[in-house]
Amino acid sequence: MTADAELCGLDAGALQAAFRARRLSPVEVIDNALARMDETEPALNAFVARCDAQARAEARAAEARHRAGVPLGPLDGVPVSVKDLIEVAGMPCSYGSRSMLGHVPRADAPSVARLRAAGAIVVGKTATSEFGYKGYTESPVHGVTRNPRDLARTPGGSSGGAAASVAAGVTPIALGTDGGGSIRSPAALTGLVGIKAQFGRVPVWPASATPTLAHVGPLARTVADARAVLEVIAGPDRRDHSSLLPAMLPATPVTGLRVAFSPTLGYGRVLPEVAGPVAAAVDVLRGLWPGMAEIEAPFPDPAEILAVEFIGGCSARLADTLASAPETIDPPLRAAIAALSARSAADYARVVAERMEHRARLAHLFEGIDLLLTPTTPTPAWPLGSGVPPGFEDATVWSYFTYPFNLTGQPAASLPCGLTVSGLPVGLQIVAHPQCEAMLCAALAAAEQALSLPPRPLPPV
263 MTADAELCGL DAGALQAAFR ARRLSPVEVI DNALARMDET EPALNAFVAR
313 CDAQARAEAR AAEARHRAGV PLGPLDGVPV SVKDLIEVAG MPCSYGSRSM
363 LGHVPRADAP SVARLRAAGA IVVGKTATSE FGYKGYTESP VHGVTRNPRD
413 LARTPGGSSG GAAASVAAGV TPIALGTDGG GSIRSPAALT GLVGIKAQFG
463 RVPVWPASAT PTLAHVGPLA RTVADARAVL EVIAGPDRRD HSSLLPAMLP
513 ATPVTGLRVA FSPTLGYGRV LPEVAGPVAA AVDVLRGLWP GMAEIEAPFP
563 DPAEILAVEF IGGCSARLAD TLASAPETID PPLRAAIAAL SARSAADYAR
613 VVAERMEHRA RLAHLFEGID LLLTPTTPTP AWPLGSGVPP GFEDATVWSY
663 FTYPFNLTGQ PAASLPCGLT VSGLPVGLQI VAHPQCEAML CAALAAAEQA
713 LSLPPRPLPP V
């Protein structure tokens, strides 16, 4: 079967409208999604597992509900992919690691269970770096994942498989995770919307290897779709002690918001091919927020804090494996854990204290603003073969703009804002007050409308 390109390009909202009008059925949509997966794999290497038979059975059930006029919600019958750091009952889940080969969960993660309860249909699991360690989607288990916009380039990471699934038109929505930018960076590098909600808004279970940093969230082609997914998966779950927050609050107005733009955060180096489209988008958005201020250095670079906390979590998660079967862990991750283990307890305590100071600085900054705009990434998608963008090898962490807000836990998202001269996507990050996802989503929708980027045709993978 050849996939219908027009159908591949429909977002979840358009699919629901077509279901209501009886122009399409969930069975047709799932068949088309699986056909598109056939066309794009293994060229993209985005999927690590698929579940065709189960997806088709669920599509038939969704079709019956739509025919009866009783859909489960705004995602009923919509295909979704799930990153391989999120467990799906009955499907292999290796976390991108040889140490987890053969692991088949018996229960869905809360986010997956909620999507299924809303009628969304899982079609497959998507690639990740090992335990989400790298911002480049490559693992010892599955190899390297490619960007649908240019197969010679990376989609970033570690939710690169999820981003490729949506950008290639296999699914309109995907679930990813974000421990330092792993939803937002791939979204920027593939031209998608990616939202990291407030820490704890979406429950994470089983516990992440980076439990103080990890978020589960949506990638989508539109703000409306991303918000719809977030509203379904948000809310507490007793298995995650951090998920004490209620579900999303109602939308808020965006007029009169205090908005600031920081082109570098004072420490980031941004390539001109990214800085130009971001600046042009910000100029457009000044019409939406005319009082927008520009700030250069609101806080020091917290890269060391992120690196220590991230690797510290991985070290705790993998302690037994490192003692019994170290060869099953990717050598770069093993080396990072060894380097952290050589540091003193006093040094680790210093970094913990610096995280508290970082949070205090950000809290003070957001006393004076409601939203902060930055580039999402300092570079567009770069050529395969390097785990970091060329020229950024000396950076402690190259994703300067995303990780500060994993350390505070506050909501942040990436929105497509333009293209480089060579046609590669560029993302604009919007960061909101803690616990203000409603404000963030409203701002994203208003900015999406103001920028009015033309829809991009599906890449001919």
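Each residue of the sequence shown is one higher than the last, beginning at 263 in our numbering.
Backbone N, C-alpha and C fix where the C-beta goes; we use that ideal spot for every residue, glycine too.
Note that this is a predicted model, so its numbers are computed, not measured.
Can you tell me whether residue i is helix, strand or coil according to DSSP?
i    : result
I292 : helix
E655 : coil
I692 : strand
H503 : coil
I457 : strand
H477 : strand
G423 : helix
E349 : coil
T302 : helix
S401 : strand
D412 : strand
I557 : coil
Starting from residue i and walking both ways along the alpha helix (DSSP H), at which residues does that stretch end?
i    : result
I599 : 593-603
I631 : Taken as a continuous stretch (DSSP letters only), I631 belongs to no alpha helix (DSSP H), as it is neither H nor E.
R520 : No alpha helix (DSSP H) holds R520; DSSP gives it neither H nor E.
T583 : 581-586
T452 : 446-452
L437 : Unbroken run through L437 is the beta strand (DSSP E), 435-440; no alpha helix (DSSP H).
L443 : What sits at residue 443 in the sequence shown is Gly, not Leu. Taken as a continuous stretch (DSSP letters only), G443 belongs to no alpha helix (DSSP H), as it is neither H nor E.
Please state whether the Cβ-Cβ distance between residue i and residue j is less than 8 angstroms.
i    : j    : result
R298 : V491 : no
A459 : A436 : no
V633 : L713 : The sequence shown places Leu at residue 633, rather than the Val named in the question. Cβ atoms of L633 and L713: not closer than 8 angstroms.
L646 : A414 : yes
T407 : W644 : no
I567 : I599 : no
S373 : V464 : yes
Y398 : C576 : no
D499 : D273 : no
I631 : V521 : yes
N668 : G528 : no
T776 : V536 : Nothing can be reported for residue 776: it is not among the residues displayed for the chain, which extend from 263 to 723.
P564 : P666 : yes
V688 : V485 : no
T514 : M701 : yes
L677 : L690 : yes
Within the continuous beta strand (DSSP E) that includes residue i, where are the two ends?
i    : result
A698 : Here residue 698 is Cys; the residue named in the question, Ala, does not match the sequence. Where C698 is concerned, there is no enclosing beta strand (DSSP E), given that its DSSP letter is neither H nor E.
P341 : 341-345
C679 : 674-681
A379 : That residue, A379, is in no beta strand (DSSP E); its alpha helix (DSSP H) goes 372-379.
R312 : 309-312
Beta-carbon within less than 7 angstroms of residue i's beta-carbon, same chain only, minus the 5 sequence neighbours each way: which residues are those?
i    : result
Q278 : P336
A295 : P341, V385, V432, T433
P367 : E349, V350, A351, C355
A587 : S361
N307 : A389, H404, G405, V406, T407, R408
Starting from the C-beta of residue i, find all residues in its chain whose C-beta is less than 8 angstroms away, skip the five residues before and the five after it, and write them out in chain order.
i    : result
G549 : A712
Excluding the 5 residues preceding and the 5 following residue i in the sequence, name in chain order all residues of the same chain whose CB lies nearer than 6 angstroms to its CB.
i    : result
A267 : L720
T472 : G441, F572, G575
R621 : T670
I557 : A522, S524
L347 : Y357, T390, G394, T439
A509 : A496, G497
With 8 angstroms as the threshold, decide whether the Cβ of residue i is near any Cβ in chain B.
i    : result
L269 : In the displayed structure, chain B is absent; only one protein chain is listed.
| Contact between the stretch 447-461 and the stretch 421-432 (3+ Cβ pairs under 8 angstroms) | yes
| So, do the stretch 606-616 and the stretch 374-392 have three or more beta carbon pairs nearer to each other than 8 angstroms? | no
| message | Three Cβ pairs or more, each shorter than 8 angstroms: is that satisfied between the stretch 583-603 and the stretch 612-623? | response | no
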